[in-house]
Amino acid sequence: MTLGQLDANLRRFYPEARKTTGEMYSKKTLLGFRHAIERYMNQPPLNRGLKLSTDPRFNRSYEMLDAQLVQMKRKNKEDTQHKPVIENQDLLKLKTSKALSLNDPWSMLRNVWFHLILFFCRRGREGQRELKTSSLKFEVVQAGDPTLQWRTTNRPRTTRAA
Numbered sequence: 001m002t003l004g005q006l007d008a009n010l011r012r013f014y015p016e017a018r019k020t021t022g023e024m025y026s027k028k029t030l031l032g033f034r035h036a037i038e039r040y041m042n043q044p045p046l047n048r049g050l051k052l053s054t055d056p057r058f059n060r061s062y063e064m065l066d067a068q069l070v071q072m073k074r075k076n077k078e079d080t081q082h083k084p085v086i087e088n089q090d091l092l093k094l095k096t097s098k099a100l101s102l103n104d105p106w107s108m109l110r111n112v113w114f115h116l117i118l119f120f121c122r123r124g125r126e127g128q129r130e131l132k133t134s135s136l137k138f139e140v141v142q143a144g145d146p147t148l149q150w151r152t153t154n155r156p157r158t159t160r161a162a
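Numbering follows UniProt numbering, with no gaps: position 49 of the sequence shown is 49.
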């Protein structure tokens, strides 16, 4: 497939892409499709070195994607759908349950893991397999309060240690 054909196919794809239910994909999903195609084109064996978002050969498909995102914004369909927050009563049940008690080592491990994920993780379980002991750093801040810092390749998040 030539680059012109890829541009034409992407130009047709962006407005026609739908979920199995017939709904439009979200903004993040459409952008994710573009990044996935870009990654595929730039990895071996293709190694094309393309940048779909900035390469002038893909202007027409970029304009179509941009128009699609504007249309989604007008229809108020661009917002991310978040899961509901854990209610305080449910959180209290979890914290007082045997599963997160401090009476045995496995429960204590689950308790620590639960609190790390609750306070530091943004997207559920994403990136947990890559964690190392160097991913966490204990510090004492200027006021003398101990803090725990989660070091990742993304922006670090800090919270006060309990």
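Every residue gets a Cβ at the ideal spot worked out from N, C-alpha and C, and that includes glycine.
In this text, all values refer to a predicted model and were calculated from it rather than measured experimentally.
Q) With ASP7 and ARG57 assumed to form a contact (beta carbons below 8 angstroms), what rounded beta-carbon distance in angstroms separates them? A) The residue given as residue 7 occupies position 7 in the sequence shown. The residue given as residue 57 occupies position 57 in the sequence shown. With 8 angstroms as the limit, ASP7 and ARG57 qualify as a contact, their Cβ atoms being about 6 angstroms apart.
Q. What is the DSSP secondary structure of GLN149, reduced to helix, strand or coil?
A. Reading the sequence shown from its first residue, position 149 is the one you call residue 149. The answer is strand: DSSP assigns GLN149 an E or B state.
Q. How many angstroms separate the CA atom of ARG151 from the CA atom of SER135?
A. Against the sequence shown, residue 151 aligns to sequence position 151. Against the sequence shown, residue 135 aligns to sequence position 135. Cα to Cα, ARG151 sits roughly 5 angstroms from SER135.
Q: Name, in chain order, the residues that DSSP records as bridge partners for VAL140.
A: Taking the sequence shown and counting its residues from 1, one reaches residue 140 at position 140. Paired residue(s): PRO146.
Q: Report buried or exposed for ARG125, applying the criterion of at least 16 other Cβ atoms within 10 angstroms of its Cβ.
A: Position 125 of the sequence shown holds residue 125. Its Cβ having fewer than 16 others within 10 Å, ARG125 is exposed.
Q: Could you round the C-beta distance between GLU38 and LYS51 to whole angstroms and report it? I think they count as a contact, below 8 angstroms.
A: Taking the sequence shown and counting its residues from 1, the one referred to as residue 38 is at position 38. Taking the sequence shown and counting its residues from 1, the one referred to as residue 51 is at position 51. About 7 angstroms separates the CB atoms of GLU38 and LYS51; that is less than 8 angstroms, so the two are in contact.
Q.
With H, G and I counted as helix, E and B as strand and the rest as coil, what does DSSP make of ARG48?
A. In the sequence shown, the residue the question calls residue 48 occupies position 48. Residue state, collapsed to three classes: coil.
Q. What number of angstroms, rounded off, separates the C-alpha of HIS35 from the C-alpha of PHE120?
A. The residue given as residue 35 occupies position 35 in the sequence shown. The residue given as residue 120 occupies position 120 in the sequence shown. HIS35 and PHE120: Cα-Cα distance of roughly 26 angstroms.
Q.
One question on the structure: do TYR14 and GLN71 come within less than 8 angstroms of each other, judged by their Cβ atoms?
A. For the purposes of this step, residue 14 is taken as residue 14 along the sequence shown, with counting starting at 1. For the purposes of this step, residue 71 is taken as residue 71 along the sequence shown, with counting starting at 1. No, the pair does not count as a contact, with Cβ atoms beyond the cut-off.
Q) Any idea what DSSP makes of MET24, helix, strand or coil? A) Here residue 24 refers to the residue found at position 24 when the sequence shown is read from its first residue. In the structure shown, MET24 sits in a strand (DSSP, three-state: E or B).
**Q.** Short Cβ contact (8 angstroms threshold) for SER61 with LEU30
**A.** The residue labelled residue 61 in the question sits at position 61 within the sequence shown. The residue labelled residue 30 in the question sits at position 30 within the sequence shown. Not closer than 8 angstroms, so no.
Q) Grouping DSSP H, G and I as helix and E and B as strand, with all else coil, what is ARG125? A) Along the sequence shown, read from residue 1 onward, the residue named residue 125 stands at position 125. In this structure, ARG125 counts as coil in the three-state DSSP scheme.
Q: For LEU131, count neighbouring C-beta atoms within 10 Å of its own C-beta (all shown protein chains included) and say buried if the count is 16 or more, exposed if not.
A: On the sequence shown, residue 131 is found 131 positions in, with the first residue counted as 1. When all chains shown are included, LEU131 counts as exposed.
Q: Flag this pair as yes or no: are the beta carbons of LEU100 and SER107 separated by less than 8 angstroms?
A: Locating residue 100 in the sequence shown gives position 100, where the first residue counts as 1. Locating residue 107 in the sequence shown gives position 107, where the first residue counts as 1. A contact, by the Cβ cut-off of 8 angstroms.
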